[in-house]
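Worksheet: the structure to be examined is printed underneath.
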Amino acid sequence: MSLTVNGLTKRYGEKVVVDHLSFEMEEPGVYALLGTNGAGKTTSIRIILGMLACDEGNVSWKGKPLDPVSANIGYLAEERGLYPKYSLLDQLLYFAKLKKVDKKEALKRIHYWAGRLEVEEYIFPSAKGKKAAKANRADQLSKGNQQKIQLMAALISDPELLVLDEPLSGLDPVNTDLFKSIIREEIAKKKYLIMSSHQMPVIEEFCSDITILNRGKAVLTGNLNQIKKSYGRVNLFVKCEGDIERYIGQFGLTVANRTPEEYHLKVQDESQAMAFLGRLVQDNVTVIHFELREPSLHEIFVEKVGGAHEE
1044 MSLTVNGLTK RYGEKVVVDH LSFEMEEPGV YALLGTNGAG KTTSIRIILG
1094 MLACDEGNVS WKGKPLDPVS ANIGYLAEER GLYPKYSLLD QLLYFAKLKK
1144 VDKKEALKRI HYWAGRLEVE EYIFPSAKGK KAAKANRADQ LSKGNQQKIQ
1194 LMAALISDPE LLVLDEPLSG LDPVNTDLFK SIIREEIAKK KYLIMSSHQM
1244 PVIEEFCSDI TILNRGKAVL TGNLNQIKKS YGRVNLFVKC EGDIERYIGQ
1294 FGLTVANRTP EEYHLKVQDE SQAMAFLGRL VQDNVTVIHF ELREPSLHEI
1344 FVEKVGGAHE E
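For the sequence shown, the residue numbers in this note's numbering are 1044 to 1354.
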């Protein structure tokens, strides 16, 4: 089983919004699509899901053209889209029916996810007097709780392929951790996930492979760990007793940031960092913290698309 995206291209007139995008997921895991606003992430996702037609390219799933009707796909859109005036339970049952989940199984799954996401009181309100109260509508919920309901809709069919477009946007820390735990569970179930997010630490936490888009074109694609290793360990974090400014100048190191606690320095390579450390030790400077790191995804992202502007 695999997902292959081959040469997707989308034009609006003379404007190319997705420019020959290609990537492959040979094994279950999480693939990230990154880019600034207007880079083409959401358009790419909609083409993959069959919501938009492409001008060139194709998408295959399990070796055949991806059919969004028959394929078991879950989708959490960036633009939340529940029906505001209908009961939450009716909506979830409707989404389940679209995915060919029978009502008995759908109710079982709704009960499970309602408990897991702590929204039971909105979907199954307790009886009041002789008449049972109607389930709350979407327009009566906070944005965070609406997001939970939409995640339930995405998961209701127990999808093999799950697409999450900015899944943690706008969530408070408690619900962010809750969503993260569910994502981890889906990964443990050997699901295929595509995730788009502006939160670089989230991508680093979950995603093994990435594509960075800039104005619709892939400017970096590959395994995240291998990409970071290719840059080398060029970030040096050092904390010493006493002033080390003269040593930084002697070795031609660049100060990326300085806090009251430590320096964040840029080095050319590990040998330069080791020579710097050797001189500090030789001169009896007390070194409290000395750490070399690969660049963060945030730094790599800014390097690749820093000149891009929102379209």
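Think of the CB as a built atom: it goes at the ideal place given N, C-alpha and C, for glycine as much as any other residue.
Legend entry - Sequence-distant residues of its chain with Cβ nearer than 7 Å to V1073 (five each side left out): I1230, L1236, M1238, F1249, C1250 and S1251
Inset, instruction - Using the Cα positions of H1063 and T1052, report the straight-line distance between them to the nearest angstrom. - result: 5 Å
Legend entry - Cβ pair count under 8 Å reaching 3, the stretch 1190–1200 against the stretch 1116–1123: yes
Legend entry - Burial state of N1268 (16 or more Cβ within 10 Å): exposed
Legend entry - Rounded separation between P1244 and L1335 - CA only: 19 Å
Legend entry - Residue range of the alpha helix (DSSP H) that includes H1241: Premise fails: H1241 is in no alpha helix (DSSP H) and is neither H nor E.
Inset, instruction - Output the distance between the C-alpha atoms of T1086 and V1061, rounded to the nearest integer angstrom. - result: 7 Å
Inset, instruction - Would you kindly work out how many angstroms separate the C-alpha atoms of K1356 and A1139, rounded to a whole number? - result: Lying before the first or after the last residue shown, residue 1356 is absent from the chain, which here runs from 1044 to 1354.
Legend entry - Outcome for F1066 when other beta-carbon atoms lying within 10 angstroms are tallied against a minimum of 16: buried
Inset, instruction - Within the stretch 1072–1105, note down every full beta strand (DSSP E) run reaching 3 residues or more, in order along the chain. - result: 1072–1078 and 1099–1104
Legend entry - Given 8 Å, three or more beta-carbon pairs between the stretch 1254–1270 and the stretch 1078–1095: yes
Legend entry - Residues that L1281 bridges to, as DSSP identifies them: Correcting the residue identity first, residue 1281 is Val in this sequence and not Leu. Bridge partners of V1281: Y1306 and F1333.
Inset, instruction - Quick one: grab the DSSP three-state call for N1188. - result: helix
Inset, instruction - Classify K1171 as helix, strand or coil using the three-state DSSP reduction. - result: Because the pLDDT at K1171 is just 46, under 50, the model does not fix this residue reliably, and the value given afterwards should be weighed accordingly. Of the three classes helix, strand and coil, the one that applies to K1171 here is strand, per DSSP.
Inset, instruction - Spell out the partners DSSP gives S1130 in its beta bridges. - result: R1180
Legend entry - Rounded separation between A1149 and W1156 - CA only: 11 Å
Inset, instruction - Name the two residues that bound the continuous alpha helix (DSSP H) containing A1318. - result: E1313 to Q1325
Legend entry - Buried or exposed by the 16-neighbour rule on C-beta atoms within 10 Å, applied to E1209: buried
Inset, instruction - List the DSSP bridge partners of I1116. - result: L1204
Inset, instruction - Report the rounded CA-to-CA distance for Q1189 versus I1166, giving the unit in angstroms. - result: 11 Å
Inset, instruction - Take F1280 as the anchor and find which of I1253, K1271 and K1309 has the nearest alpha-carbon. - result: K1309
Legend entry - Minimum C-alpha distance to Y1306 - residue among N1327, Q1315 and C1283: C1283
Inset, instruction - Between the Cα of L1340 and those of I1246, E1164 and K1186, spot the shortest distance and give me the residue it belongs to. - result: I1246
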